[in-house]
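A.B. asks: Its first residue numbered 2, the sequence shown is counted upward by one per residue in the working numbering.
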Amino acid sequence: MVAPDMSDGAHLLVVDDDTRTRDLLRRFLAERGYRVATAADAKEAQAQLDAVAFDLVVLDVMMPGEDGVSFVKRLRAAQRQTPVVLLTARGETADRIAGLASGADDYLPKPFEPEELLLRVRNVLRRAPPPAPAAPKTVVFGPFKFDLARDELTRDGDPVRLTTAETSLLEVLAATPNVPVGREELLRRSRLTGGARAVDVTVTRLRPKIEDDPRNPRHLQTVRGAGYVLRAE
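Put into structure tokens, the structure is as follows:
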């Protein structure tokens, strides 16, 4: 018996290195009303996740390059909370525990019935928190206003000149004001190059432009063990 359609148009990402499995899952889930994108490995999946806000990821564990468990750990370490259902040919208890311990929301051993995967996807989506609100178009902190659409910073209406690196860093922080962002995440989401050290250098150069006292910042603060945060109104 086919389960009734309860997809609500959720957007799924299916990640599997096996072309046949990937295409079968894409067609099956699409026929149940889901919007479905696919990726062949962790690298391609990361690029997709950086570009689109998916509602859930169906992820194979055994893939060339980075495996599924490692990929989920990296997502969670970067504060990415997109729900994940792991698929694997390994059905031992220890493997299931490792998969769930990585931060995955559910774990389904292969071979499986597509209808079972469908039910697990629905259950995980039902438990998932509502999507985060859209990033603000402008962020205000003190006398400053940063326009994310234009990548422009003003102070009391007057433009503030920023370098490309400073603008890129501020853009990432302003997308989630009052939420700490780790150095690796800042590096990944910005246009900075040169490693995590480049983030610290850019922060040091940006602070004199937005702080009355750069040594005691009010707006661009360091959060020990978590990275940096833009304190906004």
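We treat Cβ as the ideally placed atom computed from N, Cα and C, and that holds for glycine.
Among all the DSSP beta bridges, which residues are the ones paired with Y108?
C.D. replies: In the DSSP output, where bridge partners are listed per residue, Y108 has L87.
A.B. asks: Can you tell me whether T89 is buried or exposed? The criterion is at least 16 other CB atoms within 10 Å of its CB, across all chains shown.
C.D. replies: Looking at its Cβ environment, which holds 16 or more other Cβ atoms inside 10 Å, T89 is buried.
A.B. asks: Would you mind working out which of A31, D213 and R21 sits nearest L119, comparing C-alpha positions?
C.D. replies: That would be A31, whose Cα lies nearest to the Cα of L119.
A.B. asks: Taking the alpha-carbon of G149 as reference, which of L174, R36, R162 and G158 has the nearest alpha-carbon?
C.D. replies: Reading off the sequence, residue 149 comes out as Leu, not Gly. Selected option, being the one with the closest Cα: L174.
A.B. asks: Would you give the residue range spanned by the alpha helix (DSSP H) that E186 belongs to?
C.D. replies: Start and end: R184 to R190.
A.B. asks: On the criterion of 16 or more Cβ atoms from any shown chain inside 10 Å, does E117 qualify as buried, or is it exposed?
C.D. replies: Label assigned to E117: exposed.
A.B. asks: Taking the alpha carbon of V224 as the point to measure from, which residue in T164, V202 and N179 has its own alpha carbon closest?
C.D. replies: Of T164, V202 and N179, the residue nearest in Cα terms is N179.
A.B. asks: Output the distance between the C-alpha atoms of D24 and P115, rounded to the nearest integer angstrom.
C.D. replies: Cα-Cα distance, rounded: 13 angstroms.
A.B. asks: With which residues is A227 paired in a DSSP beta bridge?
C.D. replies: DSSP output for A227 lists no bridge partner at all.
A.B. asks: Rounded to a whole number of angstroms, what is the C-alpha to C-alpha distance between F29 and R36?
C.D. replies: If I take the Cα positions, the gap works out to 11 angstroms.
A.B. asks: Where does V59 sit, in a helix, a strand or coil, going by DSSP?
C.D. replies: If DSSP states are grouped into helix, strand and coil, V59 belongs with the strands.
A.B. asks: Between the alpha carbons of D213 and H220, how many angstroms are there, rounded?
C.D. replies: Cα to Cα, the separation comes out at about 10 angstroms.
A.B. asks: Among L109, M63 and V122, whose alpha-carbon lies nearest the alpha-carbon of L14?
C.D. replies: Checking every option, the nearest Cα to that of L14 belongs to V122.
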